[in-house]
Amino acid sequence: MIISASTDYRAAAKAKLPPFLFHYIDGGSYGEHTLRKNTEDLANIALKQRVLNNMEDLSLETEVFGEKLSMPIALAPVGLTGMYARRGEVQAAKAAENKGIPFTMSTVSVCPIEEVAPAIERPMWFQLYVLKDRGFMKNVLERAKAAGVTTLVFTVDMPVPGARYRDMHSGMSGPNAAARRVFQAMRHPSWAFDVGLLGKPHDLGNISTYRGEPTKLEDYIGWLGDNFDPSICWKDLEWIRDFWDGPMVIKGILDEQDAKDAVSFGADGIVVSNHGGRQLDGVLSTAKALPSIADAVKGDLKIFVDSGIRTGLDVVRMLALGADCTLLGRSFIYALAAQGQAGVENLLDLYEKEMRVAMTLTGAKSIKDLNRESLVKMK
1 MIISASTDYR AAAKAKLPPF LFHYIDGGSY GEHTLRKNTE DLANIALKQR
51 VLNNMEDLSL ETEVFGEKLS MPIALAPVGL TGMYARRGEV QAAKAAENKG
101 IPFTMSTVSV CPIEEVAPAI ERPMWFQLYV LKDRGFMKNV LERAKAAGVT
151 TLVFTVDMPV PGARYRDMHS GMSGPNAAAR RVFQAMRHPS WAFDVGLLGK
201 PHDLGNISTY RGEPTKLEDY IGWLGDNFDP SICWKDLEWI RDFWDGPMVI
251 KGILDEQDAK DAVSFGADGI VVSNHGGRQL DGVLSTAKAL PSIADAVKGD
301 LKIFVDSGIR TGLDVVRMLA LGADCTLLGR SFIYALAAQG QAGVENLLDL
351 YEKEMRVAMT LTGAKSIKDL NRESLVKMK
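Under UniProt numbering, the residue at position 178 of the sequence shown is numbered 178, and the numbers go up by one with no gaps.
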């Protein structure tokens, strides 16, 4: 078991949340093999210790698309964030702003764009899927532009939803799911009062704004299944590339040829991601997939990576493997569920401290100094 702040917050979140919500964020697809490999493979990468290098002027700062980041971390888009804490997207966005990093809002957030963007001064990022309802896509892109969103993160590894069997066992889906969720909420009174009662409305805010009527949690799984588009291909993104005049990042890359295609398409960045092990089980962990992708496209666009990152050491490992920046998903949701905005800020403080220790003891004074030479070559 990996001991970290993320595991502590995970335990606290498990105790506080109704099981359907905990297992929704905690679980993966099928047998969850990729979910486990994401953390295991990353934790097994050995850093090369170097000493006596005068590390007094160490800096974690970096720049992404002209935006200064206090450290190479952004909060990843996570659906239903507002179900884990009262108006959770707002709390997470404020935490990110206070720590000097970007917050990425999910298409399927509880809070709509129009609620979150005015709550912070730092421009946020926005994540979008390719959906059958192109009218919704155009509408939400226009609203994102109007709200001052700077960077579009386009998720392409979900043309169909993965089979997440935990959800059927937990009550997120399956027979009598609504009744099971109510019963679970009654057994978790802290969450039921703070989020269940005071955190309303519990609908998909961005979609409800477009439809002009609430899209409730019970509609969530069905809406996803009906609107994801298995016919998606690169040409379907062309009108979005033409429409969106800011940076555009393609999320869900695991193969170097797909990374090269993203360069040819004109993407400004990619996210090396297996959706946190929530889509195709049995694919490579991101720690295993990243090096060859970085070798193929490093310098042609920004390389982000997610999935399996649980500590500041993991961030350092990913940068050494070739990433320019990392995205945190599960770990910040655990902290948000446990302690709200304060929990997320505390988690980010701990990541920062862990990064400083790791960089000091690998002799890397800046983010740019982290590379394959920072790692022990395993035989």
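Positions of the beta carbon are idealized from the N, C-alpha and C atoms, including for glycine.
- Inter-residue distance for R180 and L224 is about 21 Å (C-alpha atoms, whole angstroms).
- One Cα belongs to Y30, the other to V51, and the distance between them is close to 44 Å.
- By the neighbour-count criterion, in which a residue is buried when 16 or more other Cβ atoms sit within 10 angstroms of its Cβ, M186 is exposed.
- Inter-residue distance for L280 and F20 is about 21 Å (C-alpha atoms, whole angstroms).
- When Cβ pairs closer than 8 Å are counted between the two stretches, the region 76-83 is seen to touch the region 327-334, the count reaching three or more.
- Annotation for T209: no beta strand (DSSP E) segment contains it, though the alpha helix (DSSP H) segment containing it runs G205 to R211.
- Classified as exposed, L198 has fewer than 16 neighbouring CB atoms from the shown chains inside 10 Å of its CB.
- Sequence-distant partners of E56 (beyond 5 residues in either direction) whose C-beta falls short of 7 Å from its own C-beta are missing from its chain.
- When D314, K377 and G28 are compared, the shortest CA-CA separation from I3 is found for D314.
- By the C-beta density criterion, A74 is buried, having at least 16 other C-beta atoms within 10 angstroms.
- The distance from the Cβ of G171 to that of A177 is about 5 Å, consistent with a contact at the 8 Å cut-off.
- In the DSSP assignment, L131 falls outside any beta strand (DSSP E) and carries neither an H nor an E.
- Burial is judged here by how many other beta carbons sit within 10 angstroms of a residue's own beta carbon; P118 has fewer than 16 and is exposed.
- G340 and A96 have their alpha carbons spaced roughly 12 Å apart.
- According to DSSP, T151 shares a beta bridge with W125.
- Between M248 and G312, the C-beta gap is not smaller than 8 Å, which leaves the two residues out of contact.
- In this structure, DSSP gives M186 a helical state, which the three-state scheme calls helix.
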